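Residues in the sequence shown are numbered consecutively from 40, following the working numbering.
Every residue, glycine too, gets a C-beta built ideally from N, C-alpha and C.
Only a predicted model underlies this, so the values are computations on that prediction, with no experimental measurement involved.
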Amino acid sequence: MIDVERRSPFGVRSTTPAPATADTLGGHTAGQLLRLCEVAGLSGADAAGYAQVLTTALGPVSCRPLALASPSPSFLSDDHTPVEFSLSFEPGTAPTLRVLLEPGSGVGTLAQSGRAGLRAVRELARRWGFATDRLDELEDLFFPLSPQGPLALWCALELRPGGVPRVKVYLNPAASGAERAAETVREALRRLGHPQAFDALPESDRILFFALDLGDWDVPRAKVYTAHHNLSATAAGGLSRMGNGPGATEIEAFFHAASGLEDGRDTVLDRRPGLACHAFTESATGLPTGFTFHVPVRDYVRHDGEALERASALLRHYGADPTPLLESVAAVTSRRLEDGTGLIAYLALAHQEGRPPRVMVYVSSEAYGVRPPAALSPRAEAAH
Ligand code: TRP
């Protein structure tokens with residue numbers, strides 16, 4: 040622990056000590072992060088600093104022994120670990136490692152966890168000297184006195200070399216009631232200078248998250264995540280509202296490759312919805328400048344071995360080397376991939392104006408549990 044603090048590039052003096060043992064939530068997830076950082080080619084000093092930030096941002100729950108059940112039913116992951124990792128692959132370069140976390144999870148009510156979340160983000164802002172005004176302007180919309188819904192605030196860090204991450208904040212559109220989610224998001228977009236953005240979004244079953252880039256981004260985005268039940272490949276192909284975004288055939292091909300669903304009967308995402316994310320960066324056209332399509336691969340595989348094969352095939356298709364993904368999986372778990380499902384939670388394809396397409400792979404911490412493999416399909420069973 041002392042070692043971690045001494046190597047921290049910020050001279051962090053934290054009130055939440057880094058847990059010394061791997062059998063606490065903070066110790067376990069920080070260990071995973073340190074190993075992932077090594078895979079991603081980050082220096083030991085950067086890795087130690089980021090691990091420290093993770094445990095500090097998690098708050099008191101970080102010291103909780105893993106033997107005790109998760110203190111809150113966090114919606115962040117299936118086993119309620121308030122941490123999830125992801126890798127973003129661009130052709131020809133090493134993948135970028137990101138970590139998503141719920142600050143102050145399990146501190147009490149949703150209102151209390153929202154306040155803990157805001158405190159944690161402002162603490163990061165002080166440490167790295169970035170402004171939170173875009174978030175401050177939205178506080179009344181997303182942090183009412185009696186919030187509702189599955190989360191208050193999540194925070195993601197893009198772990199760059201140099202020890203200063205890029206920061207993203209995820210907010211709950213249903214905080215003031217699911218029936219007001221659309222109005223809440225419309226108003227949030229308007230306040231951020233995107234008055235026409237809401238009307239550009241595709242129809243959806245639910246607006247899941249409103250997300251904001253904070254800190255040192257070339258072009259900070261406001262993003263809206265929408266959920267789409269019983270989505271077919273054709274419908275997925277028609278989701279993007281980007282001006283010159285991906286063609287329908289590209290999204291359809293991604294849908295098939297990620298979900299394993301072939302064209303024909305019963306080929307919709309009927310176990311967990313597909314997600315679309317539209318990013319807004321400038322208001323001249325009112326149209327989004329980014330589109331990401333997420334497939335919850337974990338509900339469409341028998342086990343993680345199959346999920347990893349799909350991820351690897353997609354990476355190769357997009358010109359990226361899957362080796363760092365295989366190493367990342369080994370960095371977070373020592374279990375056999377065939378023994379569970381959910382380690383790979385989502386596969387996503389991101390298009391952003393001015394950048395090559397990126398493939399994202401979301402890797403669960405599984406600190407609290409592993410979902411057993413799915414039963415074999417009736418046809419596969421008959422063959423046994
Ligand atoms: N666990 C939630 C879900 O599966 C939210 C979530 C966590 C999520 N990580 C994500 C959604 C990555 C999209 C992409 O929906």
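DSSP three-state assignment for residue i, whether helix, strand or coil
i	result
Arg103	coil
Gly50	Its pLDDT being 33, under 50, Gly50 is placed unreliably by the model, and nothing is read from it.
Gln91	helix
Pro412	coil
Gln235	coil
Asn269	coil
Arg225	helix
Glu218	helix
Leu388	strand
Pro336	Before going on, a small fix: residue 336 reads as Val here, not Pro. It is helical.
Arg173	helix
Leu139	strand
Ala84	helix
Leu198	coil
Thr306	coil
Arg397	strand
Arg230	helix
Residue i CB to nearest heavy atom of the ligand TRP below 8 Å
i	result
Pro214	The question names Pro, but residue 214 is Ala in the sequence shown. No, the Cβ of Ala214 stays beyond 8 Å of every heavy atom of the ligand TRP.
Ser109	no
Gly319	It should be noted that the sequence gives Phe, not Gly, for residue 319. No - the ligand TRP has no heavy atom lying nearer than 8 Å to the Cβ of Phe319.
His16	With the chain covering only 40 through 423, there is no way to say anything about residue 16.
Ala61	no
Arg311	yes
Tyr407	no
Leu247	yes
Tyr357	no
Ser125	yes
Ala384	yes
Ala261	no
Where the alpha helix (DSSP H) containing residue i begins and where it ends
i	result
Leu163	149-167
Arg349	343-356
Val368	362-371
Glu178	178-181
Beta-bridge pairing of residue i - partner residues as DSSP gives them
i	result
Leu251	Val208, Ala261
Cys76	Cys76 is not bridged to any residue.
Leu317	Leu is not the amino acid found at residue 317; the sequence shown has His there. Val263, Phe330.
Ser403	Glu123
Leu192	Leu210
Limits of the beta strand (DSSP E) - the one that residue i falls within
i	result
Leu326	Segment: none, Leu326 is in no beta strand (DSSP E) and carries neither H nor E.
Ala287	Premise fails: Ala287 lies in the alpha helix (DSSP H), 287-298, not in any beta strand (DSSP E).
Distance between beta carbons of residue j and residue i, contact taken as under 8 Å
i	j	result
Pro327	Arg280	5 Å
Gly65	Cys102	6 Å
Ala272	Ser243	About 17 Å separates the two Cβ atoms, so there is no contact after all.
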